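S.K.: One structure coming up, written as structure tokens, with questions to follow.
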Amino acid sequence: MKIVNPATHKLLADIPADTAGSVAAKYQRACEAQVEWARTPLTTRVEALRRFGALLTANADELALVLTREMGKPIKQARNELGAMPSRIDYFLGETAAVMSDEVVFSDGDPARPKLKEIIAHEPLGVIANISAWNYPYFVGSNVFVPALLTGNAVLYKPSEFATMTGLRIADLLQQAGVAADAFLHVVGAGNIGAALLRQPINGVFFTGSYGTGRKVAETVAPRLIHTQLELGGKDPTYVCEDVDVARAAEGLADGAFYNAGQSCCSVERLYVHKRIYDAFVEAFVATVDKFVVGDPEDEATYIGPLAREAQLDVLASQVADAVKHGAKVRSGGKRLDRTGFYFAPTVLANASHEMQVMRDESFGPIIGIQSVSDDDEAVRLMNDTDYGLTAGVYSKDSARATRILRQIAAGSVYWNCCDRVSPRLPWTGRKHSGIGSTMSHAGIRAFLQPKAWHLRGA
Ligand code: NDP
Numbered sequence: 006m007k008i009v010n011p012a013t014h015k016l017l018a019d020i021p022a023d024t025a026g027s028v029a030a031k032y033q034r035a036c037e038a039q040v041e042w043a044r045t046p047l048t049t050r051v052e053a054l055r056r057f058g059a060l061l062t063a064n065a066d067e068l069a070l071v072l073t074r075e076m077g078k079p080i081k082q083a084r085n086e087l088g089a090m091p092s093r094i095d096y097f098l099g100e101t102a103a104v105m106s107d108e109v110v111f112s113d114g115d116p117a118r119p120k121l122k123e124i125i126a127h128e129p130l131g132v133i134a135n136i137s138a139w140n141y142p143y144f145v146g147s148n149v150f151v152p153a154l155l156t157g158n159a160v161l162y163k164p165s166e167f168a169t170m171t172g173l174r175i176a177d178l179l180q181q182a183g184v185a186a187d188a189f190l191h192v193v194g195a196g197n198i199g200a201a202l203l204r205q206p207i208n209g210v211f212f213t214g215s216y217g218t219g220r221k222v223a224e225t226v227a228p229r230l231i232h233t234q235l236e237l238g239g240k241d242p243t244y245v246c247e248d249v250d251v252a253r254a255a256e257g258l259a260d261g262a263f264y265n266a267g268q269s270c271c272s273v274e275r276l277y278v279h280k281r282i283y284d285a286f287v288e289a290f291v292a293t294v295d296k297f298v299v300g301d302p303e304d305e306a307t308y309i310g311p312l313a314r315e316a317q318l319d320v321l322a323s324q325v326a327d328a329v330k331h332g333a334k335v336r337s338g339g340k341r342l343d344r345t346g347f348y349f350a351p352t353v354l355a356n357a358s359h360e361m362q363v364m365r366d367e368s369f370g371p372i373i374g375i376q377s378v379s380d381d382d383e384a385v386r387l388m389n390d391t392d393y394g395l396t397a398g399v400y401s402k403d404s405a406r407a408t409r410i411l412r413q414i415a416a417g418s419v420y421w422n423c424c425d426r427v428s429p430r431l432p433w434t435g436r437k438h439s440g441i442g443s444t445m446s447h448a449g450i451r452a453f454l455q456p457k458a459w460h461l462r463g464a
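If you read the sequence shown in our numbering, its first letter stands for residue 6, the second for the next number, and so on.
Quick look at the structure:
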């Protein structure tokens, strides 16, 4: 596996990849380790994951640099990702015991010697595959492996080939923290190694990535009827009503669209703006975007770095060409930057319409279309006109109006006057092509457990 810096094209590392044989051997080791790990007291597992959180904090500067070098995330944003990890991990540390504990749901007769008792117990799934994405490797990885390990599962973790070095550091720190040696094993390689992992008789698969690959994953494991959870892409819309503070809304939404070069599953990808403020909003939005510092991701001042994957440059260029063909106006950017690295200029397309790919297909880059709408009904219709359903937002001073609109939107998360936001206390879940299942919240802990129903009748 040759790891190349997307900002410089320089080779960073050459890491031996797994083979189908080594993946099978790791599966066997994980199977043996899981039994012992599940028997380990929960308090011991909690302490190990607590130490993992502390190690992330202690090593944050070095880990951030590794992430910046291998996927191009600006250094400040890499540090932000690591800085947010303790609160994410603490949520799981604090809530797992309550979610895992037995529930007595019926007890008949003398409480000391009940005639009949019914209990729901929660057992780990076993060995699970965690196939992960590169855009927020700490967030999307830990949303799976932290609750999976806490609940007594063993994890075979495949980082994306674009975040392999980060994946290796995660594995190293989990071992240092005291997670049993084979309860967490990383698997290194590209998509073919992900596919080899799925051929093992795993007990569950937790996948984060694109709809296309997620669908393949689901089709591959479907005959085995194992727990399958898919966190996939989005084409996340926001509607800006005419009653907003235009400059503030434009600033917040530009950040939600362009942070991490737009490479977030919940980046704002489409904007619908009420016609009464459309022109003013576009001006304010373009003014904000034009101030973004594009440059070397290791530079503290940089807000937009290179894309992680070279191939995405062509996708974005073709979305711009298609939009222009259908009448869009390029108000900012519009093309690859003439410099070393996979840089695409932050791009704002005004006069957007649903004839354009940029309003329908996931862009996953620093580009956005802005469309004018006449009223709330038109905004609702357009926001729902998508195969995806990850997040959607409304900016308005009127909470009743925003609530009325958001109730009509088919999306797993909805935002009022905010965007591009995730909370460990709330389920992260997609509708339609954005996936199935939930991470985070109690639902995202229970996902790693299977219920066992106990029917107990005294003699
Ligand atoms: P991909 O679908 O390309 O890859 C996801 C993972 O699957 C990678 O580890 C990849 O390995 C692996 N993989 C590829 N082919 C196979 C296969 N046949 N069998 C098993 N595994 C395979 O997505 P990206 O990594 O490019 O991530 C970007 C996508 O992820 C976007 O659509 C984004 O919206 C979505 N995403 C969703 C999130 C959510 O929470 N809903 C969060 C973050 C991202 P390799 O990379 O080595 O090829």
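Ideal Cβ positions, reconstructed from N, Cα and C, are used throughout, including at glycine. For clarity, every value in this text was computed on a predicted model and none was experimentally measured.
(1) With H, G and I counted as helix, E and B as strand and the rest as coil, what does DSSP make of Leu411?
(2) Give the straight-line distance between the Cα atoms of Ser401 and Val278, rounded to the nearest whole angstrom.
(3) Going by the C-beta, is Glu86 closer than 7 Å to any heavy atom of ligand 1?
(4) Just tell me which of Pro311, Asn356, Tyr216 and Ala53 has its CA closest to the CA of His14.
(5) Just the Cα atoms here: how many angstroms apart are Ala126 and Asp107?
(6) Confirm the yes/no value for this check: CB of Lys221, any heavy atom of ligand 1, distance under 7 Å.
(7) Indicate the three-state DSSP secondary structure (helix, strand or coil) for Asp343 in the structure shown.
(8) Taking all protein chains shown into account, do 16 or more other C-beta atoms lie within 10 angstroms of the C-beta of Ala159, making it buried, or fewer, making it exposed?
(9) Going by C-alpha to C-alpha distance, which of Val28, Pro228 and Asp366 sits closest to Val320?
(10) Nearest to Arg281 by CA position, among Asp248, Ala69 and Ile410, is which residue?
(11) Using C-beta distances below 7 Å, list every residue in its chain close to Leu154, excluding the 5 sequence neighbours before and after it, in chain order.
(12) Tell me the DSSP bridge mates of Trp42?
(13) Using 7 Å as the cut-off, classify the Cβ of Ile136 as near or not near the heavy atoms of ligand 2, replying yes or no.
(14) Go to Pro283, then tell me how far its alpha helix (DSSP H) extends in each direction, as first and last residue.
(15) Take the Cβ of Asp23 as the centre, count every other Cβ of all protein chains shown within 10 Å, and call the residue buried at 16 or more, exposed below.
(16) Could you check whether the region 413-422 touches the region 451-459, counting it as contact only if at least three pairs of C-beta atoms, one from each stretch, sit closer than 8 Å?
(17) Using CA atoms only, rank isn't needed, just tell me which of Met364, Val104 and Gln205 is closest to Lys31.
(18) Considering Cα atoms alone, identify which of Tyr141, Gly172 and Met90 is closest to Gly214.
(19) With DSSP as the reference, identify every bridge partner of His232, one or two as the case may be.
(20) Could you tell me the distance, in whole angstroms, from the CA atom of Phe211 to the CA atom of Leu178?
(21) Compare the beta carbon distance of Thr444 and Asn135 with 8 Å and say whether it is the shorter of the two.
(22) So if DSSP puts Arg462 in a beta bridge, which residue, or which two residues, is it bridged to?
(23) Whole angstroms is fine: what's the gap from Thr233's alpha carbon to Leu203's?
(24) Name the DSSP beta bridge partners of Gln455, please?
(25) Could you check whether Gln362 and Gln324 sit closer than 8 Å to each other, using their CB atoms as the reference points?
(26) Taking 7 Å as the line, does the beta carbon of Trp433 fall inside it for any heavy atom of ligand 1?
(27) Please work out which residues of its chain come closer than 6 Å, Cβ to Cβ, to Val28, disregarding the five sequence neighbours upstream and downstream, and give them in chain order.
(28) For Leu318, collect the residues of the same chain with a Cβ closer than 7 Å to its Cβ; drop the 5 residues on either side in sequence, then sort them by chain order.
(29) I need the DSSP call for Val192, collapsed to helix, strand or coil.
(30) Please classify Trp459 as buried or exposed, where buried requires at least 16 other C-beta atoms within 10 Å of its C-beta.
(31) Bridge partners of Ala25, per DSSP?
(32) With burial defined as no fewer than 16 other Cβ atoms inside 10 Å of the residue's Cβ, what is the status of Asp113: buried or exposed?
M.R.: By the coordinates alone:
(1) Stepping through the sequence shown from its first residue, residue 411 is reached at position 406. Leu411 falls in the helix class under three-state DSSP.
(2) As a first step, residue 401 is located in the sequence shown; it is residue number 396 there, counting from the start. As a first step, residue 278 is located in the sequence shown; it is residue number 273 there, counting from the start. Straight-line Cα distance between these residues: approximately 11 Å.
(3) Walking along the sequence shown from the start, residue 86 turns up at place 81. Flag unset: Cβ of Glu86 not near ligand 1.
(4) Looking up residue 14 in the sequence shown gives position 9. The shortest Cα separation from His14 among Pro311, Asn356, Tyr216 and Ala53 belongs to Pro311.
(5) Mapped onto the sequence shown, residue 126 falls at position 121. Mapped onto the sequence shown, residue 107 falls at position 102. Approximately 5 Å, taken between the alpha carbons.
(6) Working through the sequence shown from its first residue, we reach residue 221 at position 216. Lys221 has its Cβ nearer than 7 Å to a heavy atom of ligand 1.
(7) The sequence position of residue 343 within the sequence shown is 338, counting from 1. Note: Asp343 maps to coil in three-state DSSP.
(8) Within the sequence shown, numbered from 1, the residue matching residue 159 stands at position 154. So Ala159 ends up on the buried side.
(9) Locating residue 320 in the sequence shown gives position 315, counting from the first residue. Per the C-alpha coordinates, the member of Val28, Pro228 and Asp366 positioned closest to Val320 is Asp366.
(10) Within the sequence shown, residue 281 is the residue found at index 276, counting from 1. That would be Asp248, whose Cα lies nearest to the Cα of Arg281.
(11) Locating residue 154 in the sequence shown gives position 149, counting from the first residue. Contacts found: Arg50, Leu54, Val160, Val184, Ala188 and Phe189.
(12) Here residue 42 corresponds to residue number 37 of the sequence shown, with the count starting at 1. Answer is none; Trp42 lacks a bridge partner.
(13) Because ligand 2 does not appear in the structure shown, any question about it cannot be addressed here, the ligands present being ligand 1.
(14) The sequence position of residue 283 within the sequence shown is 278, counting from 1. In the sequence as presented, Pro is not what sits at residue 283; that position holds Tyr. Note, Tyr283: alpha helix (DSSP H), Tyr283 to Asp295.
(15) In the sequence shown, the residue the question calls residue 23 occupies position 18. By the 10 Å Cβ count, Asp23 comes out buried.
(16) Under the 8 Å Cβ criterion, the region 413-422 does not count as touching the region 451-459, having fewer than three qualifying pairs.
(17) Mapped onto the sequence shown, residue 31 falls at position 26. Per the Cα distances, Gln205.
(18) As a working mapping, residue 214 is identified with position 209 in the sequence shown. Of the candidates Tyr141, Gly172 and Met90, the one whose C-alpha sits nearest the C-alpha of Gly214 is Tyr141.
(19) Sequence index remark: in the sequence shown, residue 232 carries index 227 (1-based). Note: His232 is bridge-paired with Gly209 in the DSSP secondary-structure output.
(20) Along the sequence shown, one-based indexing puts residue 211 at 206. Along the sequence shown, one-based indexing puts residue 178 at 173. If I take the Cα positions, the gap works out to 21 Å.
(21) Position 439 of the sequence shown, counted from the first residue, corresponds to residue 444. Position 130 of the sequence shown, counted from the first residue, corresponds to residue 135. No; because the gap between Cβ atoms is not below 8 Å, this pair is not in contact.
(22) Locating residue 462 in the sequence shown gives position 457, counting from the first residue. Looking at the DSSP assignment, Arg462 forms a beta bridge with Leu121.
(23) Translated into positions along the sequence shown, residue 233 becomes position 228. Translated into positions along the sequence shown, residue 203 becomes position 198. Each residue's alpha carbon lies about 11 Å from the other.
(24) Taking the first residue of the sequence shown as position 1, residue 455 is located at position 450. The beta-bridge partner set that DSSP reports for Gln455 consists of Glu128.
(25) Taking the sequence shown and counting its residues from 1, one reaches residue 324 at position 319. Taking the sequence shown and counting its residues from 1, one reaches residue 362 at position 357. Cβ distance < 8 Å, so Gln324 and Gln362 count as in contact.
(26) For the purposes of this step, residue 433 is taken as the residue at position 428 of the sequence shown. Yes; taking the cut-off as 7 Å, the Cβ of Trp433 has a heavy atom of ligand 1 nearer than that.
(27) Counting from 1 along the sequence shown, the entry for residue 28 is found at position 23. Annotation for Val28: Val192, Ala201 and Leu202 place their beta carbon closer than 6 Å to its own, counting only its chain and skipping 5 residues before and after.
(28) As a working note, residue 318 is residue 313 in the sequence shown. Take Leu318, set aside five residues on each side of it, and the residues of its chain with a beta-carbon closer than 7 Å to its own are Leu312, Arg341, Phe347 and Phe349, in chain order.
(29) For the purposes of this step, residue 192 is identified with residue 187 of the sequence shown, where counting begins at 1. In the structure shown, Val192 sits in coil (DSSP, three-state: anything other than H, G, I, E or B).
(30) As a first step, residue 459 is located in the sequence shown; it is residue number 454 there, counting from the start. Counting Cβ neighbours within 10 Å, Trp459 comes out exposed, since fewer than 16 surround it.
(31) By one-based count along the sequence shown, residue 25 stands at place 20. DSSP lists no partner for Ala25.
(32) Locating residue 113 in the sequence shown gives position 108, counting from the first residue. Classification for Asp113: exposed.
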